[in-house]
Amino acid sequence: MTTPLKAATALAAVLLLILTTAAPAQAANPSTKPPVSGSLGTYNVSGVYVAGVSSGGYLATQLHVAYSSRIRGAAVFAAGPYYCAQNNVAQALYGCGDNLYPTNVAALQTYTRTWASYGWVDPVGNLSGYPVYVFHGGNDTTVKKSVTDDLVRYYQHFGASVQYDSGSSAGHGWVTPYGTQGCTATASPFLNDCGTDPQNALLRKLLGGVNAPNTGALGGTLIRFSQNTFAVNGWANGLSMDANGFAYVPSSCAAGQSCRLLVALHGCLQGYGSVGTAFVDRANLNQYADTNNLIVLYPQASTAGSNPNGCWDWWGYLGATNYPIKGGAQVETVMNMVRRLDG
């Protein structure tokens, strides 16, 4: 019999440890800000959005569906539909990654409607017309395209306005002009340079328009804050989350201007404990934040016995079945950060 630890280890390995031999890209070096220890403040936030890659993409849909009254859109890289794993490690492995099992997208839509009727997630009518950006790379064999296709179908079923970018040759990762890996690679730190700028596309979709990024020195502040303050149990490590998270706050937002908030969720082996601030620095979001009055929140997952590769909980590794709905430990912890930032 497969033990939970072995299954979780296998799942993480399948999802984000399939390495290719592609040579790293000669990465462009973005302007960065050293983290400054502090606490999350409350800002003049006019709208909240979420983005994520791989396990972070799955958590992004969990946040979006559970709190669609508060989160107005989502951008998902290299992931599948909401509640794809159905609290089952085998389904996560073989249905939501390799797709040897069906994703049962119709059942997932039924679960969503039923849970909305219970109040476990927000009303599904909120999703109608909401912007959703979905990305899948042609060389991503970790999460098959058919799985991401079902994510698109899931959202379209509820009337979301979906933009699907499936024409890239990318491997499994977050595609960014500041990627340190070649486009087709699936290798740490899972930041791929394909000579494109998906962040422009996703922000244009989510926000309705976007200004050109700041390609000079960043003007905001990167805050390192304690995630324990927001953890539902008071101890982030007990939720397989790092002691610290990060938030990039442009100077305009700190000065009180109306700003929007983007929650950016890294993938497995992509958190601070694995790659430092690589995702924070190279996701190409801080550059757009400076010129678009956008605060970027970077929650951080960490490794644990049941989660050796620092993934977000999208299959129930924390041992609770409520992980994808209101009350789920990581969902609520991240939402506590959102509540602080947007008052």
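First residue of the sequence shown: 1090, per this note's numbering; consecutive thereafter.
C-beta: ideal position from N, C-alpha, C; glycine also.
Limits of the alpha helix (DSSP H) - the one that residue i falls within
| i | result |
| --- | --- |
| Gly1146 | 1144-1155 |
| Ser1363 | 1361-1364 |
| Ala1378 | 1375-1381 |
| Pro1287 | 1287-1296 |
| Ala1179 | 1178-1183 |
Test item: CB-CB of residue i and residue j under 8 Å
| i | j | result |
| --- | --- | --- |
| Ser1347 | Leu1407 | no |
| Leu1291 | Ala1164 | yes |
| Ser1257 | Asn1326 | no |
| His1441 | Gly1227 | Residue numbering for the chain in the displayed model covers 1090 to 1432; residue 1441 lies beyond these limits and cannot be assessed. |
| Ala1320 | Thr1422 | yes |
| Val1221 | Val1251 | yes |
| Leu1280 | Phe1335 | no |
| His1153 | Val1142 | no |
| Asn1188 | Gly1405 | no |
| Gln1316 | Pro1388 | yes |
| Cys1185 | Val1264 | no |
| Leu1420 | Gln1151 | Sequence inspection shows Val at residue 1420; the Leu mentioned does not correspond to that position. Yes, Cβ-Cβ distance for Val1420 and Gln1151 is below 8 Å. |
Chain-order list of residues whose beta-carbon lies under 7 Å from that of residue i (same chain, five-residue window excluded)
| i | result |
| --- | --- |
| Val1213 | Thr1201, Arg1202, Ala1205, Phe1247 |
| Ala1114 | Below a pLDDT of 50, predicted positions are generally treated as unreliable, and Ala1114, at 42, falls in that range; the measurement from the model is reported next regardless. Excluding positions up to five away in sequence, the list reads Gly1268, Thr1269, Gln1270, Gly1271, Asp1282. |
| Thr1057 | Outside the modelled stretch of the chain, which goes from 1090 to 1432, sits residue 1057, for which no answer is possible. |
| Gly1362 | Asp1331, Ser1391, Thr1392, Gly1399 |
Contacts around residue i, its chain only, beta-carbon distance under 6 Å, and the 5 residues preceding and following it disregarded
| i | result |
| --- | --- |
| Tyr1172 | Leu1197, Tyr1200, Pro1413 |
| Val1338 | Gly1309, Thr1310, Ile1384 |
| Asn1300 | Thr1380, Asn1381 |
| Ala1393 | Ser1329 |
N- and C-terminal bounds of the beta strand (DSSP E) containing residue i
| i | result |
| --- | --- |
| Ser1258 | From DSSP, Ser1258 is part of no beta strand (DSSP E); its letter is neither H nor E. |
| Val1194 | Premise fails: Val1194 lies in the alpha helix (DSSP H), 1194-1207, not in any beta strand (DSSP E). |
| Leu1354 | 1348-1354 |
| Ala1343 | No beta strand (DSSP E) contains Ala1343, which is instead part of the alpha helix (DSSP H) from 1340-1343. |
| Val1221 | 1220-1224 |
| Arg1161 | 1160-1166 |
| Asn1281 | 1280-1282 |
Reduced DSSP secondary structure (H/G/I, E/B, other) of residue i
| i | result |
| --- | --- |
| Phe1368 | helix |
| Arg1313 | strand |
| Ala1418 | helix |
| Leu1328 | helix |
| Leu1430 | helix |
| Ala1336 | strand |
| Ser1235 | helix |
| Asn1396 | strand |
| Gly1214 | helix |
| Gln1389 | coil |
| Tyr1172 | coil |
| Val1423 | helix |
| Val1241 | helix |
Contacts around residue i, its chain only, beta-carbon distance under 8 Å, and the 5 residues preceding and following it disregarded
| i | result |
| --- | --- |
| Ser1135 | Ser1347, Cys1348, Arg1349 |
| Arg1242 | Pro1170, Val1194 |
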